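Report on one structure; see the data block that follows.
Numbering (our numbering), first residue to last: 9 to 103.
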């Protein structure tokens with residue numbers, strides 16, 4: 009459960025997170041997330057989600073396939089002083 013299409017790296021700050029998301033939003037212009045489950049525990053929020061979209065733009069060198077994609081994943085966000093401090097995102101890249 010992790011991406012095998014992006015380098016493993018840490019993103020720091022809103023702008024870096026926004027740029028990361030834009031890579032996928034441009035490749036899948038109809039990208040949509042459905043929240044399947046949301047749990048809280050202390051300073052953590054866990055969200056289980058399903059993302060769907062059609063590959064219509066370049067994705068890190070991969071040309072568009074015009075195929076519909078479905079990916080399931082989970083985001084684990086840690087909060088400090090009521091603000092997100094760390095976010096870990098896991099997804100099934102085998103679909």
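C-beta: ideal position from N, C-alpha, C; glycine also. From a predicted model like this one, the values you see are computed outputs, not experimental measurements.
Spatial distance of residue i from residue j (CA atoms)
i: residue 29; j: residue 92; result: 17 Å
i: residue 48; j: residue 70; result: 37 Å
i: residue 65; j: residue 99; result: 20 Å
i: residue 44; j: residue 54; result: 11 Å
i: residue 19; j: residue 74; result: 29 Å
i: residue 63; j: residue 52; result: 32 Å
i: residue 101; j: residue 61; result: 14 Å
i: residue 33; j: residue 26; result: 10 Å
Selected residue, minimal CA-CA separation from residue i, among the options
i: residue 35; options: 88, 77, 48; result: 77
i: residue 59; options: 79, 47, 66, 72; result: 79
i: residue 40; options: 50, 81, 90; result: 81
i: residue 42; options: 88, 83, 94, 90; result: 83
Unbroken beta strand (DSSP E) run spanning residue i, endpoints
i: residue 20; result: From DSSP, residue 20 is part of no beta strand (DSSP E); its letter is neither H nor E.
i: residue 83; result: 76-88
i: residue 95; result: 91-99
i: residue 66; result: Element bounds for residue 66: n/a, residue is neither H nor E.
i: residue 48; result: 40-49
Local Cβ density within 10 Å of residue i, reported as buried at 16 or more and exposed below that
i: residue 21; result: exposed
i: residue 23; result: exposed
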